[in-house]
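**Q**
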Amino acid sequence: MLLRHHGGPSVAAENGAAARVLQLLPEELDAAAANRALSVARALKGAGGEMVIAGGPPRLEIDTRRAGIDHRPYASTRASLFHLSATQALLDTVDQRRLQLVHVHGSAGGLAAKAFAEAANLPLVMTCETLPQAAGLLRRRAARKHISGRPVIVRSAYAAECLRRDFSVPEAAIRVIPPGIDLEAFDESRVGTARKLALLESWGLHDDPRPLILLPVASADPSWLATVLAAAAAPDAPDAVWMLLGAAQDAAAARARISGSPAASRVAWAEMPDDWPAACKLASLVVSLPVHPPLICEHALAAQAMGRPVITSDAGAGAETIQPGKTGWLVRARDPGSLVYAVSGALERDDIIRTAMSMAARSFVAQRFSIARMQAETLAVYRETLAARKLP
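Under the working numbering, the residue at position 349 of the sequence shown is numbered 349, and the numbers go up by one with no gaps.
Below you can see the structure in the form of structure tokens.
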């Protein structure tokens, strides 16, 4: 049971002052989402507000303290005396620092975050980078209670549609804030030769002159692999290396299917690299074809920030990720013929078109998916939430 803090009801921001916010992060939060949480904290601090970050992956604590932002322990489960003690310490922090709002990342810890916010008498904002995989009416109903924040921030219009359709979240409670992509990290001039050579060596491609096609978040799913292998083996497909980048646990099954395929001389499998900017610089083309309809295609956005052309499917948020014909191509999901046509068009471009598409891709990401825009829109949600809480 959580103890309430003793400061009474928290008050909203006064006279337009920047907010004072507590972010609750799960340990399993991926690196990109953790970096976004930290970038929002920096923006709030720069605007004169205050942010305390609690929880998150181990690396985040180091980065948070380096940024001069307070970090506290937190766990969404309360199964031990340590967790209870840490939670009570956070409640004390809320009181001492006069924090005004809780921002939780992820629906998995939604119930614990709601209990904490109620104990602290604070409004709760939630960011859902992913949504529960809840097939069937009964499972979706059970999952709804975990989406406990109001408002709920998602990263695409497609994700907002899923919230409304599958989890009955009112449209008025949803805010679409696209993810911020670090354009500096994906500046070609910042990726040195050593980083490129290290990746080529690890992939065994240091002396392969063929164009390199990268397929991030690849899968050993038989149907997905069949689509990719059929496209790579097609007689009219360009002679290129199709590098499937996926999880280590899928490697054995995927390589077995690849080796027995007519496309074996063109298709290879490797683990998803940590150095995605270097991978993008090596690529002639990036193909983003998630197994399940994506809520957002971050790897495709990052590739465009590097000026690389992207092919993605029309499933999920794919259409929101590119500008078809300007920065990439949209193909029909699980359609090898459509994929071959797009790959051929991408690799056959002349230098003038290639340069124009590269410039358009970076401009597209800079305008719609900048870190500054994500920061500003998130701080606006904080102001809106606190304004709605003001007492008459």
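The C-beta atom is built at its ideal place from N, Cα and C for all residues, glycine as well.
1. Is it true that the region 253-260 meets the region 222-233, where meeting means three or more beta-carbon pairs spaced less than 8 Å apart?
2. DSSP state of K145, grouped into three classes?
3. Using a threshold of 7 Å, state whether the C-beta atoms of L183 and A305 are closer than that.
4. Does the distance from the C-beta atom of V286 to that of V310 stay below 7 Å?
5. Taking W269 as the reference, which of A251, L330, M357 has the closest Cα?
6. Please state whether the Cβ-Cβ distance between R20 and G49 is less than 7 Å.
7. Considering only C-alpha positions, which residue in the set P57, G68, L25, E61 is nearest to G46?
8. Counting only runs that start and end within the region 143-185, where is the beta strand (DSSP E) found for 3 or more residues in a row?
9. Cβ atoms of V102 and L122: under 7 Å apart, would you say?
10. Do you know how far the Cα of A120 is from the Cα of E384?
11. Whole angstroms is fine: what's the gap from A388's alpha carbon to F364's?
12. Mark R155 as exposed unless 16 or more other C-beta atoms lie within 10 angstroms of its C-beta, in which case mark it buried.
13. How is H6 classed by DSSP in three states: helix, strand or coil?
14. Compare the Cα-Cα distances from A115 to each of L137, R140, L84 and report the closest residue.
15. In chain order, which continuous runs of the beta strand (DSSP E) of length 3 or greater are located wholly inside the region 204-280?
16. Report the option in P294, L44, A86, L60 whose CA atom is closest to the CA atom of Y158.
17. Over the uninterrupted alpha helix (DSSP H) stretch that includes E320, give me the two end residues.
18. Looking at A37 and the ligand ZN, is the gap between the Cβ and the nearest heavy atom below 6 Å?
19. By how many angstroms is the C-alpha of R308 removed from the C-alpha of G197?
20. Is the region 232-242 in contact with the region 160-179, if contact means three or more CB pairs nearer than 8 Å?
21. When the Cα atoms are used, what is the spatial distance from T378 to L90?
22. Count the other CB atoms within 10 Å of the CB of Q436; is the residue buried (16 or more) or exposed (fewer)?
23. State the Cα-Cα distance for the pair I181 and T321, rounded to the nearest angstrom.
24. Within the chosen definition, does the region 56-68 reach the region 29-47 through at least 3 CB pairs nearer than 8 Å?
25. Rounded to the nearest angstrom, what separates D395 and A37 at their Cα positions?
26. Taking A135 as the reference, give the member of A233, A33, F167, H105 with the closest Cα.
27. Leaving out the 5 sequence neighbours to the left and right, which residues in its chain are closer than 8 Å to W276 when beta-carbon positions are compared?
28. Exposed or buried, Q133, counting other C-beta atoms within 10 Å across all chains shown (16 or more means buried)?
29. Let me make sure I understand the geometry here. Which of L214, P179, A233 has the alpha-carbon closest to that of G246?
30. Given A372, which residues of its chain have a CB within under 7 Å of its CB, disregarding the five upstream and five downstream residues?
31. Go through the region 329-377 residue by residue and report every complete run of the beta strand (DSSP E) that reaches 3 residues or more, in order.
**A** Reading it off the structure:
1. yes
2. coil
3. yes
4. For the 7 Å CB-CB criterion, V286 and V310 form a contact.
5. A251
6. yes
7. G68
8. For the region 143-185, whole beta strand (DSSP E) runs of length 3 or above, ordered along the chain, are 152-154, 174-176.
9. yes
10. 19 Å
11. 33 Å
12. The residue is buried, with at least 16 neighbouring Cβ atoms inside 10 Å.
13. With a pLDDT of 43 at H6, under the threshold of 50, the modelled position of that residue is not reliable, and the figure given next carries that caveat. Coil at H6, not helix or strand.
14. L84
15. 212-218, 241-246, 267-271
16. P294
17. Per DSSP, the unbroken alpha helix (DSSP H) holding E320 starts and ends at 318-321.
18. In terms of ligand content, the structure shown is empty, and the ligand ZN therefore cannot be addressed.
19. Looking at the sequence shown, residue 197 is not Gly but Leu. Going by the C-alpha atoms only, they are around 19 Å apart.
20. Counting C-beta pairs with one atom in each stretch, the region 232-242 and the region 160-179 have fewer than three that are closer than 8 Å, which means they do not touch.
21. 23 Å
22. An answer regarding residue 436 cannot be provided, because it is not within the stretch 1 to 392 covered by the chain.
23. 12 Å
24. Below 8 Å, enough C-beta pairs join the region 56-68 and the region 29-47 to call them touching: three or more.
25. Residue 395 lies beyond the residue range present for the chain, which begins at 1 and ends at 392; the question has no answer from this structure.
26. F167
27. P216, H299, A302
28. exposed
29. L214
30. none
31. none
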